[in-house]
Amino acid sequence: GHVQVLDWWRRNQAQFPPKHSFRAIAWASRNGHVSVLEWWFTHSRPSVPLGESIDMVYSSKAMDWASEVGQLKVLDWWRSKAMLKNKEDRAKLKYSPNSMGLASRKGRVDVLNWWANSGLKLKYSTSSLKWATENGRLDVLDWWRDRMMDPKY
34 GHVQVLDWWR RNQAQFPPKH SFRAIAWASR NGHVSVLEWW FTHSRPSVPL GESIDMVYSS
94 KAMDWASEVG QLKVLDWWRS KAMLKNKEDR AKLKYSPNSM GLASRKGRVD VLNWWANSGL
154 KLKYSTSSLK WATENGRLDV LDWWRDRMMD PKY
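For what it's worth, the working numbering labels the leading residue of the sequence shown as 34, then goes sequentially.
Take a look at the structure:
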């Protein structure tokens, strides 16, 4: 979570063009560094003067990994940024069925509840039940049975 290092990279991007921001953002999400996510968001906005902005490129791994390790503040941050946009842009928020699958594998019922209450479209696959079963997560299996009235499997 060292935003001062990010500031240095931004100031020196002419000599050292930033690469792989999607990895930095995924790891910041996994490790709960909301300040780093906010830095990327702030410095990649269209209102930032040309030459001072940095592209915030991210993948679904950001929310998948945050879900896996229970980073609820990070998930809240991503949702709040998506909700600032119109409905069409909100649908472009990157996350995959692995968000709920990895939470299921790790026994993160708190994360499953977050997803159920998030207002975002739920994405899940049979892996959610498979991984919960393989890892002996009865609480997760109960959650899927009790909360999901019409699971697609």
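C-beta: ideal position from N, C-alpha, C; glycine also.
Check                                                                                                               : Outcome
Coarse secondary structure for His66, derived from DSSP in three states                                             : coil
Integer-rounded CB distance, given that Leu105 should sit under 8 Å from Val69                                      : With 8 Å as the limit, Val69 and Leu105 do not qualify as a contact, their Cβ atoms being about 17 Å apart.
Nonlocal neighbours in the same chain, by C-beta distance under 6 Å from Tyr186, ignoring five residues either side : Reliability of the predicted coordinates at Tyr186 is poor, the pLDDT of 40 falling under 50, and the value obtained from them is presented with this limitation in mind. Excluding residues within five positions, the ones whose Cβ falls inside 6 Å are Thr159.
Boundaries (first-last residue) of the alpha helix (DSSP H) holding Ala47                                           : It is not in any alpha helix (DSSP H) - Ala47 carries neither H nor E in the DSSP assignment.
Nonlocal neighbours in the same chain, by C-beta distance under 6 Å from Met133, ignoring five residues either side : Trp148, Tyr157, Ser161
DSSP state of Lys156 mapped onto helix, strand, coil                                                                : coil
Pairwise C-alpha distance: Arg138 and Glu167                                                                        : 8 Å
Bounding residues of the alpha helix (DSSP H) (the contiguous stretch that carries Arg180)                          : 171-180
Buried or exposed by the 16-neighbour rule on C-beta atoms within 10 Å, applied to Ala47                            : exposed
Span separating the alpha-carbon of Val67 from that of Leu174                                                       : 30 Å
Integer Cβ distance of Ser93 from Lys127, believed to fall under 8 Å                                                : 4 Å
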